[in-house]
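One structure is given here, and the rest of the page talks about it.
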Amino acid sequence: MDELRLRDPSSAKLNVADVGNKYNRTPLHLALETGQLETARYLIGAPVNVHAEDNYGYKMLHFAAKSGRVAALEEVVRATRVDVNVTSNDNITPLHWAALQGGVGAVDWLLRHGADLTVADHVQGWLPLHYATQRLQIDVVELLLHKAGTNPFATAKDGKTVVDMVFEKDKSGKKRQLKMLLEKMQVL
Numbered sequence: 108m109d110e111l112r113l114r115d116p117s118s119a120k121l122n123v124a125d126v127g128n129k130y131n132r133t134p135l136h137l138a139l140e141t142g143q144l145e146t147a148r149y150l151i152g153a154p155v156n157v158h159a160e161d162n163y164g165y166k167m168l169h170f171a172a173k174s175g176r177v178a179a180l181e182e183v184v185r186a187t188r189v190d191v192n193v194t195s196n197d198n199i200t201p202l203h204w205a206a207l208q209g210g211v212g213a214v215d216w217l218l219r220h221g222a223d224l225t226v227a228d229h230v231q232g233w234l235p236l237h238y239a240t241q242r243l244q245i246d247v248v249e250l251l252l253h254k255a256g257t258n259p260f261a262t263a264k265d266g267k268t269v270v271d272m273v274f275e276k277d278k279s280g281k282k283r284q285l286k287m288l289l290e291k292m293q294v295l
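Read left to right, the sequence shown gives residues 108 to 295 (the numbering used here).
Structural data, given as structure tokens:
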């Protein structure tokens, strides 16, 4: 990456790869979020701040999790040795984002590498299971309930459980599938 010099000679060098957008998301964050793994690898190998956060406290591993790509998660952990339970300003972990996006492979990888599925965000008090349920990510819900043993009766700040969320209005028909899954798992 080329470096720019500011007009004021007393100012420090500015690395273009570390410049963020209005949310303070760097090119590395965006490459990871959009699954551009080769670009991310290049930037990780360049002299960039691999520990940069955006305005919300999201870090590289959050963006890799959001992409749903296991290779992106592996690359970030290999390069930075970051804890898989790293949190944002609102206590959102990479597992929350992977669950929200429906990245079954990413959720499974994070769980196998020690992701804590009992971390609740500070905004709504939601666990990763709440995020997956809200977005009707049936495969992720099944993984979190069946393989990981998440408690479907954990309550959010509003007092609702995942089971409550399943019985709310549904215009897509997917909640019927979630209900069947919960019945099959003998949760209901």
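C-beta atoms are modelled at their ideal positions from N, C-alpha and C, and glycine is treated no differently.
query                                                                                                   : result
Selection from A172, D161, V183 that minimises the alpha carbon distance to R148                        : V183
For R176, the three-state DSSP class (helix, strand or coil)                                            : coil
Sub-7 Å separation of L217 and L202 beta-carbons                                                        : yes
Beta-carbon proximity of T262 to L224, cut-off 7 Å                                                      : no
Residue interval of the alpha helix (DSSP H) (run including K286)                                       : 281-291
Per-residue DSSP class, three states only, for K166                                                     : coil
Rounded straight-line distance, which links the Cα of H220 to that of R188                              : 12 Å
Close beta carbons around A138, own chain, < 7 Å, minus the five adjacent residues each side            : T146, A147, L150
Classification of E275 by the beta-carbon crowding that lies within 10 angstroms, buried from 16 upward : exposed
For N131, the nearest candidate out of A153, E140, N156, E160 (CA to CA)                                : E160
Segments of 4+ residues assigned as alpha helix (DSSP H) that fall wholly inside the region 173-217     : 177-187, 201-208
Burial state of K166 (16 or more Cβ within 10 Å)                                                        : buried
Inter-residue Cα distance where the pair is Q143 and R283                                               : 35 Å
DSSP-derived helix/strand/coil call for Q231                                                            : coil
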